[in-house]
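With mature numbering (1 follows the signal peptide of the UniProt record, and there is no 0) applied, the sequence shown corresponds to residues -19 to -1, 1 to 208, in that order.
Heads up, the beta-carbon is just placed ideally off N, CA and C, and yes, glycines get one too.
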Amino acid sequence: MQRAMLLLIMLATMIGMKAQTDDEYLMEVGGGLGIMGYLGDYNNMLTRDLQPMMTVFVRRNLNAYMALRLDASIGTLKGNERDVRTIYPSSSASPYHFSNKLTDVSLMYEYNFWPYGTGKDYYGAKRLTPFLFVGVGGTYASGDGTNVFTANIPIGVGLKYKIGTRVNAGITWAMHFAMSDKLDGRKDPYGITSSGIFKNKDCYSALQLTLSYSFMPKCTTCNKDIK
């Protein structure tokens, strides 16, 4: 009986040591699938005209709390004048509608609510953590002979879960605030001149499920993490 107890204690100790010495990885590469939706002059509801989108991304983990992420996404923005209870000066017998292709590249800063990972049990690393992110990006939209390139500011929230030592799953939701009013192909349908960085500008939302693979193990002799 005493030998069995001793073996159990030794096994538990070894498992604990293994959990604390799992490799930490500096980089991740992955992708995501989800839906996106346009918000602007021809749509004022988050859940209307949602379209499929896909993303590839690279993440640089700075420490257990912070990371930088570079996204490249493609999708479609749709809208219809019939969906809004507004009569624009440019309205005609044939209501305006559009379906524009969108390409977005964004660099974002992420902040985890809890230290993320499996190799830092001694200061409370978690497999699951919510996080916030904000960044800056570029958006290109094209369709029906109208093309526009503009900057955008993405702001969002997410949840990430470490499935295994190298495999990570997540879900993210973001709003991308564009610096242009022409993502829908028309600028200022009200016919009123306005000023201000976000005044009378288009935006779009994005909801995604993501999967990533970790690589580039961190130097095990370095001890500069924020704890």
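Distance, residue j Cα to residue i Cα
i, j, result
"P198", "L188", "30 Å"
"N81", "M17", "12 Å"
"Y194", "I55", "21 Å"
"C200", "S123", "45 Å"
"F196", "T84", "27 Å"
"L164", "V129", "7 Å"
"K182", "Y23", "12 Å"
"A132", "M26", "23 Å"
"A53", "V37", "6 Å"
"G151", "F79", "31 Å"
"R147", "F112", "19 Å"
"T127", "T110", "41 Å"
"M8", "S75", "51 Å"
"K141", "D125", "38 Å"
Option nearest residue i by Cα separation, candidates the options
i, options, result
"G119", "G105, T146, Y97 and H157", "H157"
"D30", "Y6, A132, G60 and L43", "G60"
"R41", "P111, R147 and Y6", "Y6"
"K143", "G13, V10 and R108", "R108"
"V10", "Y121, F79 and A48", "A48"
"E62", "V39, M34 and G21", "G21"
"A159", "G116, L43, P33 and Y77", "G116"
"L14", "D4, M8 and Q32", "Q32"
"M35", "G12, L43 and N44", "G12"
Classification of residue i by the beta-carbon crowding that lies within 10 angstroms, buried from 16 upward
i, result
"T191", "buried"
"T28", "exposed"
"N149", "buried"
"S87", "buried"
"D162", "buried"
"G145", "exposed"
"G98", "buried"
Beta-bridge pairing of residue i - partner residues as DSSP gives them
i, result
"G56", "M34 and L83"
"R41", "M8 and L49"
"K141", "T110 and G151"
"L192", "G12 and A150"
"T28", "The partner list for T28 (beta bridge, DSSP) is empty, contrary to what the question assumes."
Other residues of its chain near residue i: CB distance less than 7 Å, five sequence neighbours each side excluded
i, result
"Y46", "Y92, N93, P96 and I207"
Nonlocal neighbours in the same chain, by C-beta distance under 6 Å from residue i, ignoring five residues either side
i, result
"Y19", "L58, G60 and Y185"
"Y121", "T84 and F130"
"Y77", "E62"
"D4", "P198"
"V39", "V10 and L51"
Cut-off 8 Å between Cβ atoms - residues of its own chain near residue i, not counting five sequence neighbours on either side
i, result
"F114", "R50, M89, Y90, E91, Y92, P135, I136, G137, V138, G139, T153 and A155"
"G105", "W95 and P96"
Residue i beta carbon near the ligand ATP (any heavy atom closer than 7 Å)
i, result
"K199", "Of the ligands one can find in the structure shown there are none, so the ligand ATP has no counterpart to examine."
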